[in-house]
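Numbering (this note's numbering) for the sequence shown: 94 to 231. Heads up, the thing below is written out as structure tokens.
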Amino acid sequence: MDALPENKKIVLFDGVCNLCDGAVKFIIEHDKKDVFRFASLQSDLGRKLIAERGLDPEELDSVVLIEPGVAYYRKSTAALEISRELSGGYSLLKNFLALPEGFRDLIYDFVAANRYKWYGKKESCMIPTPALKEKFLD
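Shown next, in the form of structure tokens:
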């Protein structure tokens, strides 16, 4: 595997989920400091990064945020850690980290379990435009 980009946080997302696709576009739009890079959970790189962290790629249905050499986060914690870096006041969402993780993840899991029903599913992962290609690792 090629070396991961330095000083970048990696967001692993469900590449066939319309909600997740919208979330990635939202993050890119509000990532004014160019903090994030992206890979789908279904990609070879995504599966490798998941396995390296001892997670089962077949059972994973949540966003994963990886800070190489530091930590990784899943579910609501990943979403809120991502919000820390976003422009436009979205960094204030980090205050929800004060709520118990179990409570936050109950809400996250409910949305995750219904995301395909509510938002739909694509046949294949998103193909980034040439202008956004540098933000994607797969």
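Every residue, glycine too, gets a C-beta built ideally from N, C-alpha and C. Note that the coordinates shown come from a computational prediction; the quantities given were computed from them, not determined experimentally.
Put residue i into one of helix, strand or coil per three-state DSSP.
i, result
"Ser-133", "strand"
"Glu-160", "strand"
"Arg-167", "strand"
Can you tell me the Cα-Cα spacing of residue i and residue j, whole angstroms?
i, j, result
"Glu-160", "Ala-206", "26 Å"
"Leu-192", "Asp-124", "25 Å"
"Gly-147", "Arg-130", "21 Å"
"Ile-120", "Leu-179", "7 Å"
"Lys-214", "Val-109", "6 Å"
"Ala-116", "Tyr-212", "12 Å"
"Pro-98", "Ala-164", "15 Å"
"Phe-203", "Tyr-166", "18 Å"
Please go through the same chain and pick out, in chain order, the residues whose beta-carbon is closer than 6 Å to the beta-carbon of residue i, but skip the five residues on each side of it.
i, result
"Leu-230", "Arg-130, Ala-132 and Leu-138"
"Gly-162", "none"
Enumerate in chain order the residues of its own chain whose CB-to-CB distance from residue i is below 7 Å, with the five nearest sequence positions on each side excluded.
i, result
"Leu-173", "Leu-186, Lys-187, Phe-189 and Leu-190"
"Tyr-183", "His-123 and Ser-176"
"Val-128", "Lys-101, Lys-102 and Glu-178"
Skipping 5 residues on each side, what residues in its chain have a beta carbon closer than 8 Å to that of residue i?
i, result
"Met-94", "The predicted position of Met-94 is uncertain, since its pLDDT is 46 and thus under 50; a value taken from the coordinates is nonetheless stated next. So the qualifying residues of the chain are Leu-138 and Lys-141."
"Leu-134", "Leu-105, Phe-106, Asp-107, Gly-108, Arg-140, Ile-143, Pro-150, Leu-153 and Val-157"
"Cys-113", "Phe-106, Asp-107, Val-156 and Arg-208"
"Ser-169", "Phe-189, Glu-194, Arg-197, Asp-198, Ile-200 and Tyr-201"
Counting pairs of Cβ atoms below 8 Å between the region 193-206 and the region 135-149, do you hit three or more? Segment contact: the region 193-206 against the region 135-149, fewer than three CB-CB distances shorter than 8 Å; contact not assigned.
Curious, which full-length alpha helix (DSSP H) runs of at least 4 residues does the region 99-153 contain? Within the region 99-153, the runs of alpha helix (DSSP H) that reach at least 4 residues and sit entirely inside it are, in chain order, 111-123 and 137-145.
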